[in-house]
Amino acid sequence: MAGGYKLQSYKATKLQSYKGTSEAMDESQLKGKLWYCVDRLLAREERRFSQKFVSALVELVYVQLVEVGETLESYAQHGGRDVVSMADLRLLLRRSPELLAMCDPEGSQ
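Position one of the sequence shown corresponds to residue 585 (the working numbering), numbered consecutively onward.
In structure tokens, the structure reads:
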């Protein structure tokens with residue numbers, strides 16, 4: 585499906601991406617990459633925060649991303665699909681008009 589994302593179980597994805605590593609290491613690596621992105625965004629904005637704040641922000645973003653991924657996967661599975669579609673994303677963002685507009689700039693729903 586064009587523009588969709590093929591669903592795989594979390595374990596299958598981890599096995600393909602991080603063959604031979606533990607689950608804790610996978611999470612640690614993902615959080616490390618997320619930390620780097622957050623740190624770069626803060627640097628670009630020329631903002632300085634304590635390491636404790638950045639750690640809390642990274643944890644919050646990580647938990648939110650996991651929830652979003654699980655929700656999108658559930659929507660696709662409920663629809664009998666193996667692919668996450670833009671319709672699934674629109675359903676997730678239906679209560680956030682600003683985010684929905686970013687996904688669908690033409691305004692067609």
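For every residue, glycine included, the Cβ atom is placed at its ideal position computed from N, Cα and C.
Spatial distance of valine 642 from histidine 662 (CA atoms): The alpha-carbon atoms of valine 642 and histidine 662 are separated by roughly 30 Å.
Mind checking which residues open and close the alpha helix (DSSP H) that includes phenylalanine 633? Counting along the chain, phenylalanine 633 sits inside no alpha helix (DSSP H), nor does DSSP assign it H or E at all.
Alpha-carbon to alpha-carbon, leucine 676 and glycine 660: It is worth fixing the name first, because residue 660 is alanine in this sequence and not glycine. If I take the Cα positions, the gap works out to 11 Å.
Per the DSSP calculation, valine 642 is bridged to which residue(s)? Answer is none; valine 642 lacks a bridge partner.
How would you write the range of the alpha helix (DSSP H) that arginine 674 sits in, first residue to last? Note, arginine 674: alpha helix (DSSP H), 670-676.
Best match in Val645, Val647, Val668 and Arg679 for proximity to leucine 656 [C-alpha to C-alpha]: Closest by alpha carbon: Val668.
Rounded to whole angstroms, what's the CA-CA distance from valine 638 to leucine 683? Just pull it up for me. Their Cα atoms are separated by approximately 24 Å.
Are the beta-carbon atoms belonging to serine 688 and arginine 674 less than 8 Å from one another? Correcting the residue identity first, residue 688 is aspartate in this sequence and not serine. Yes, the pair counts as a contact, with Cβ atoms nearer than the cut-off.
Would you kindly work out how many angstroms separate the C-alpha atoms of lysine 603 and aspartate 666, rounded to a whole number? Per-residue confidence for lysine 603 stands at a pLDDT of 47, beneath the threshold of 50, marking its modelled position as unreliable; the derived number appears in the next sentence. Pairing lysine 603 with aspartate 666, the inter-Cα distance amounts to about 23 Å.
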